[in-house]
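Residue numbers (full-length UniProt numbering): 1 to 298. Beta carbons are placed, not taken as given, at the ideal position from N, Cα and C, and that holds for glycine. Nothing here was measured: the structure is a model prediction, and the numbers come from that model.
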């Protein structure tokens with residue numbers, strides 16, 4: 001999502017510049033676009049960027065109670081998505097749903113479903129079903145990402161791709177990948193006009209999953225084009241993360257898979273597995289040591 005530098009005016013008269021309120025008075029209505037953008041950043045895995053934007057708005061004085069509550073909920077959401085476990089009190093989100101600002105009611109419901117999903121898929125589905133009569137873009141996206149079956153996802157892909165916003169496209173792509181419709185997921189991701197590194201990593205992860213079906217033998221016994229595609233994904237990924245001090249769980253999963261697969265055969269000659277492990281070490285020494293031990297046993 002490209003950042004806007006345009007100044008917008010809302011009902012209270014407050015001004016917004018990009019993703020930050022520039023007036024000392026900050027009401028909930030002024031924060032609708034900012035909340036949407038933060039939610040998007042968290043969902044593509046741009047956690048550092050989302051955290052920076054959150055902190056810049058947390059420190060603005062004269063916030064309304066509704067804005068303070070929103071920032072608390074988004075902080076819980078960010079920390080939970082980053083660690084893949086519940087970080088914070090779910091009652092904060094539930095209170096916001098019961099009595100919070102109506103501008104963010106659907107967002108709060110979606111966040112509650114997603115955070116619940118981190119501990120129990122069945123409980124998350126139950127929470128979602130409790131909101132089933134509350135149709136909204138946020139909840140429709142949650143359905144696509146976590147619960148919709150293959151037929152529903154294929155119908156959305158064929159009929160609604162052109163009308164979905166970037167957030168809807170992202171959730172549709174993840175849903176399609178979930179049911180292993182990876183080619184369609186990649187087509188959807190290409191429609192998102194955003195150059196964020198994490199989106200590129202997501203595309204590579206789906207490309208790898210698509211290729212992994214063919215990687216059931218050591219690489220020296222595979223067709224040449226499959227080996228080339230593996231190396232293309234591997235080195236593209238290394239290039240994306242080479243200067244990073246933190247990577248998302250999705251990126252770490254892909255990195256570990258690439259390390260394990262690269263250790264099977266001709267990659268040893270090229271020391272590709274070692275290159276992967278050296279990239280991991282500054283980020284997580286524990287993971288790097290475990291992979292190195294695994295490599296030595298092969």
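Counting C-beta atoms within 10 angstroms of its own C-beta, residue 116 has 16 or more neighbours from the protein chains shown and is therefore classed as buried. For residue 180, there is no enclosing alpha helix (DSSP H), as DSSP marks it with neither H nor E. With a 10 Å radius around the Cβ and a threshold of 16 neighbouring Cβ atoms, residue 162 comes out exposed. Residue 63 sits in a strand when the DSSP states are folded into three classes. By the neighbour-count criterion, in which a residue is buried when 16 or more other Cβ atoms sit within 10 angstroms of its Cβ, residue 30 is buried. The C-alpha of residue 253 is placed about 21 Å away from the C-alpha of residue 228. Two segments are said to touch when three or more pairs of C-beta atoms, one from each, lie closer than 8 Å; by this definition the segment 151-161 does not touch the segment 193-205. Ranked by Cα distance from residue 150, the options 278, 177 and 131 are led by 177. At a Cβ-Cβ threshold of 7 Å, residue 108 and residue 124 do not count as neighbours.
In this structure, DSSP gives residue 168 a helical state, which the three-state scheme calls helix. Per DSSP, residue 160 lies in no alpha helix (DSSP H) segment and is marked neither H nor E.
Under the three-state reduction of DSSP, residue 282 is assigned to coil, being neither helix nor strand.
Distance between residue 64 and residue 190, taken at the CA atoms: about 39 Å. DSSP, read as helix, strand or coil, puts residue 132 in coil. Linking residue 142 to residue 121 through their CA atoms gives a straight-line distance of about 12 Å.
The beta carbon of residue 251 lies closer than 7 Å to those of 201 and 241 in the same chain, with the five residues before and after it left out. Around the beta carbon of residue 68, fewer than 16 other beta carbons lie within 10 angstroms, which makes this residue exposed. Within the same chain, and ignoring the five residues on either side of residue 41 in sequence, the residues whose Cβ sits closer than 6 Å to its Cβ are 49 and 50. When DSSP states are grouped into helix, strand and coil, residue 54 belongs to the helix group. Judged by beta-carbon spacing, residue 277 lies beyond the 7 Å limit of residue 290, meaning their Cβ atoms are not closer than that value.
Excluding its 5 nearest sequence neighbours in each direction, residue 147 has C-beta neighbours in its own chain below 7 Å: 125 and 128, listed in chain order. Apart from sequence neighbours up to five positions away, the residues of its chain that approach residue 237 with a beta-carbon distance below 6 Å are 204, ordered along the chain. In chain order, 166 and 169 place their CB closer than 6 Å to the CB of residue 192, counting only its own chain and leaving out the 5 sequence neighbours on each side.
Shown here, residue 116 sits in a helix according to DSSP, grouped into three states.
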